[in-house]
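Taking it in order: structure first as structure tokens, then the write-up.
Number of protein chains: 2
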Amino acid sequence: MTGQHLNDGRILVVGLGPGPAQWLTPEASDALSIATDLIGYGPYVDRVPEREGLQRHASDNRVEIDRARHALELAKAGRVVAVVSGGDPGVFAMAAAVFEAVEHGDELDRTVRIDVMPGVSAMQAAAARLGAPLGHDFCAISLSDNLKPWEVIERRLTAAAQGDFVIAFYNPASRARPDAIHRAFALLRSLKDGATPVALARAVGRPDERLIVGDLAEVDPSLCDMSTLVLIGSSETRFIERPNGLAPWVYTPRHYGGGR
Amino acid sequence: MTGQHLNDGRILVVGLGPGPAQWLTPEASDALSIATDLIGYGPYVDRVPEREGLQRHASDNRVEIDRARHALELAKAGRVVAVVSGGDPGVFAMAAAVFEAVEHGDELDRTVRIDVMPGVSAMQAAAARLGAPLGHDFCAISLSDNLKPWEVIERRLTAAAQGDFVIAFYNPASRARPDAIHRAFALLRSLKDGATPVALARAVGRPDERLIVGDLAEVDPSLCDMSTLVLIGSSETRFIERPNGLAPWVYTPRHYGGGR
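From first to last, the protein sequence lines stand for chains Z and R.
Numbering follows the working numbering, in which position 40 of the first sequence is assigned residue number 251; successive positions increment by one, without gaps.
Numbering follows the working numbering, in which position 133 of the second sequence is assigned residue number 344; successive positions increment by one, without gaps.
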């Protein structure tokens, strides 16, 4: 970043990864160690260790835009503000909210230094546990809340099926739209082979991790909660069965159409 | 992982991130410190510091499946083998090759312990530098080599445009298919608004990093090389212009259709 900034105040948009410290990048750790202020949804703020001089602004509401606005005001006042998200802040998380606040803010907001620190996102942690389901072209769709009309989700699900992408669902069971995952499964069952591998990966990397794998026709979408990342295979995604009581792997070959 | 493994040999499929150590997870660092053997494409192997007792097996060819096969043989012989990739090994990288080797291998291969360690992928690093272009539903497509027919790429590009996804291209200029990015741009220009924001993000995080942003109609795809990650916006993706000589941000709002 070149150009002239307002003052030493700045915003660090930090991805905490899916949970355990083993997935927190050194860059994110460093950002948390220099911040004067910490802003985020309560459970994420709680994951950052206490430190003298670190002002914590946890919120329990869902109004990301207010948090982003707050961060901008603090940065303009010269504070070093870490805005924390789980996973990667750029993927269905706080980074977009921060830039949305800038877009709708004043001229001064556009001079604030903002650095986004990428992180491991939930779909990557889930994929790593399962094998390599994201080994070929894929898409990521959020089923969350009321930020987009259902028609847009339906259009994207249909396109994802037509393109034969592997599909990752984020936020499959938001409070504002608890039936979204059921509608999504119903639509995909009408468009894709019932034998398509599906995985429900809950709280990957955390003590309450739970992995469920099965076929699209059989897996029960009501087993999803807000901590679940859902993966739906392409026509190429397959299981590798294993002996000795070992769980099967799920992977999508790098080749398409059986050419090898 | 429960169940019975063959011996203490194992495979660690490690993502080195997009380049700098600041994006290497502690889990990946730990894996590299316990490995007895290191397998990967030369430039990735070179990024791992020398250490006594660490056997390096760099390859300069493109035959990922041979590397994966080699890793399985070493693991079955009791070695602790780190298979290294740039970025996230689960995203267009070595993890799928390893499981492909297992699928086509013998029964013993299926008993080898294989742990995949996720990493920050190129599209995430690029997005972080640019603002928040992946803030809403997106897809990732590899334009690489001869692993899939061009018809599949065309079908997926068309679906991605119909679904109005943000699109990330990996491997836009492979040796086997140097014209792929030109054909992809031509197709997308016929399907999407010419004013759609586009970014070419080259070698993000490395000394030779270069970011180019512009409109779909204007950006020159011949500026892509094998180190370039290409991002194509959705209809909602936009620039935020900034004063004082600061580079514009690119972001995709969390909302769709202007509702706010």
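In this text, a Cβ means the ideal position worked out from N, Cα and C, and glycines have one as well.
Since the structure is predicted, the reported quantities are computational estimates derived from the model, not experimental observations.
Per DSSP, the continuous alpha helix (DSSP H) segment holding residue 361 of chain R begins and ends at 361–373. Scanning Z:461, Z:224 and Z:389 for the CA closest to the CA of residue 446 of chain Z turns up Z:461. For residue 295 of chain Z, the enclosing beta strand (DSSP E) starts and ends at 291–296. Contact between residue 423 of chain R and residue 410 of chain R holds: their C-beta atoms lie close to 7 Å from each other, under 8 Å.
Non-local C-beta neighbours of residue 321 of chain R in its own chain, meaning closer than 7 Å and more than five positions away in sequence, comprise 313, ordered along the chain. Boundaries cannot be given for residue 437 of chain R, as no alpha helix (DSSP H) includes it and DSSP labels it neither H nor E. Per the DSSP secondary-structure output, residue 349 of chain R pairs in a beta bridge with Z:351 and R:377. Legend: CB atoms of the segment 434–465 of chain R lying less than 9 Å from CB atoms of chain Z belong to residues 449, 451, 452, 453, 454, 455, 456, 457, 458, 460, 461, 462, 463, 464 and 465. In the DSSP assignment, residue 326 of chain Z falls within the unbroken beta strand (DSSP E) covering 324–328.
Only 345, 346, 347, 348, 349, 350, 351, 352, 353, 358 and 359 from the segment 345–359 of chain Z bring a Cβ to less than 8 Å from some Cβ of chain R. For residue 306 of chain Z, the CB contacts under 6 Å within the same chain, skipping 5 residues up- and downstream, are 224, 300 and 327 in chain order.
Assigned with DSSP and collapsed to three states, residue 422 of chain Z falls in strand. Against residue 376 of chain Z, the close residues of chain R are 350 and 367, in the order they occur along the chain (beta-carbon pairs closer than 7 Å).
In the assembly as shown, residue 334 of chain Z is a buried residue. Its beta-carbon has 16 or more other beta-carbons within 10 Å. Short of 6 Å from the beta carbon of residue 439 of chain R, and not among the five residues preceding or following it, lie these beta carbons of its own chain, in chain order: 383, 411 and 413.
With a threshold of 9 Å between beta carbons, residue 277 of chain R makes no contact with chain Z. Residue 277 of chain Z carries a helical assignment under DSSP once its states are collapsed to helix, strand and coil. Chain-order list of chain Z residues neighbouring residue 299 of chain R: 335, by C-beta distance under 7 Å.
When DSSP states are grouped into helix, strand and coil, residue 241 of chain Z belongs to the helix group. Excluding residues up to 5 positions away in sequence, 376 lie with their Cβ nearer than 6 Å to the Cβ of residue 348 of chain Z in the same chain. Within the segment 218–271 of chain R, the complete beta strand (DSSP E) segments of 3 residues or longer fall at 221–226, 248–252 and 266–270, listed in chain order. In this structure residue 404 of chain R is exposed. Its beta-carbon is surrounded by fewer than 16 other beta-carbon atoms within 10 angstroms. Bridge pairing for residue 411 of chain Z: Z:423 and Z:441 [DSSP]. Not one beta carbon of chain R lies nearer than 9 Å to the beta carbon of residue 221 of chain Z. Between residue 279 of chain R and residue 248 of chain R, the C-beta spacing is not below 9 Å.
Against chain Z, a Cβ distance below 7 Å from residue 420 of chain R picks out nothing, because the smallest value is about 12 Å.
Residue-level contact check: residue 409 of chain R does not touch chain Z, since none of the beta carbons of chain Z fall below 9 Å from its beta carbon.
Under the DSSP assignment, residue 394 of chain Z falls in the alpha helix (DSSP H) whose first and last residues are 391–402. If you draw a straight line from the Cα of residue 228 of chain Z to the Cα of residue 330 of chain Z, it is about 5 Å long. For residue 461 of chain Z, DSSP records a beta bridge to Z:342 and Z:450.
The residue from Z:454, Z:236 and Z:230 with its alpha-carbon nearest to that of residue 231 of chain R is Z:236. Take residue 353 of chain Z, set aside five residues on each side of it, and the residues of its chain with a beta-carbon closer than 7 Å to its own are 303, 381 and 382, in chain order. Chain R has a Cβ within less than 9 Å of the Cβ of residue 467 of chain Z. Taking the Cβ atoms as the reference, residue 427 of chain Z lies roughly 11 Å from residue 398 of chain Z, outside the contact range of under 8 Å.
In summary, the residues of the segment 234–267 of chain R whose CB is separated from some CB of chain Z by less than 8 Å are 234, 235, 236, 237, 238 and 241, in the order they occur in the chain.
For residue 281 of chain Z, the closest Cβ of chain R is not nearer than 9 Å.
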